[in-house]
Amino acid sequence: MDWLQRMNHAIDYIEGNLENIIDYEQIAKIALCSVYQFQRMFSFILEVPLSEYIRRRRLTLAAFDLQNRKNKVTDIALKYGYETPESFSRAFQNLHGLTPTSARNAGSALKAYPRISFQITLRGVVEMNYRIEQRDAFQVFGLED
1 MDWLQRMNHA
11 IDYIEGNLEN
21 IIDYEQIAKI
31 ALCSVYQFQR
41 MFSFILEVPL
51 SEYIRRRRLT
61 LAAFDLQNRK
71 NKVTDIALKY
81 GYETPESFSR
91 AFQNLHGLTP
101 TSARNAGSAL
111 KAYPRISFQI
121 TLRGVVEMNY
131 RIEQRDAFQV
141 FGLED
């Protein structure tokens, strides 16, 4: 279970630094592996690259920040690591399907990409009763659409 704890600590680091520059070396150090190995494991397990996970999480948090009308789009763009409001708007629209300005409207349908956590679920630990029966030969027919 030590591996799971290290992976979850790495996610804690990522989540705690979404508003800052994320140091991939630090993530790998927490997970006790190389950057290359961590990125490969992450994308293999989640079927999404680490950089894409970070981008989606930042844009999800940005959507919540936009709901607070006090924040300017420019400030939110800079807060989540975008160099220009235009690049932020493009990324936001690609993920959410609407512009940051439109997202401020009440009732806007936005996508949320939740935080992940690693855990193992064991299945098949319940006892199963069965019996083996011998049957006469039979035919199976099917129709193709």
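Just so we're aligned, residue 1 is where the sequence shown starts under full-length UniProt numbering, counting upward by one. Every residue gets a Cβ at the ideal spot worked out from N, C-alpha and C, and that includes glycine. Here the structure is a predicted model, which means the values were calculated and not measured.
- Residue environment for Phe44: exposed (fewer than 16 other C-beta atoms within 10 angstroms of its C-beta).
- The Cβ neighbour count for Pro49, taken over all protein chains shown within 10 Å, is under 16; the residue is labelled exposed.
- Gln119 sits in coil when the DSSP states are folded into three classes, being neither helix nor strand.
- CA-CA distance, Trp3 to Glu133, rounds to 44 angstroms.
- Given a length threshold of 4 residues, each whole run of the alpha helix (DSSP H) inside the region 43–114 is given here in chain order: 50–67, 73–79, 85–96 and 100–103.
- Taking Leu110 as reference, the option from Ile120, Ile116 and His96 with the minimal CA-CA separation is His96.
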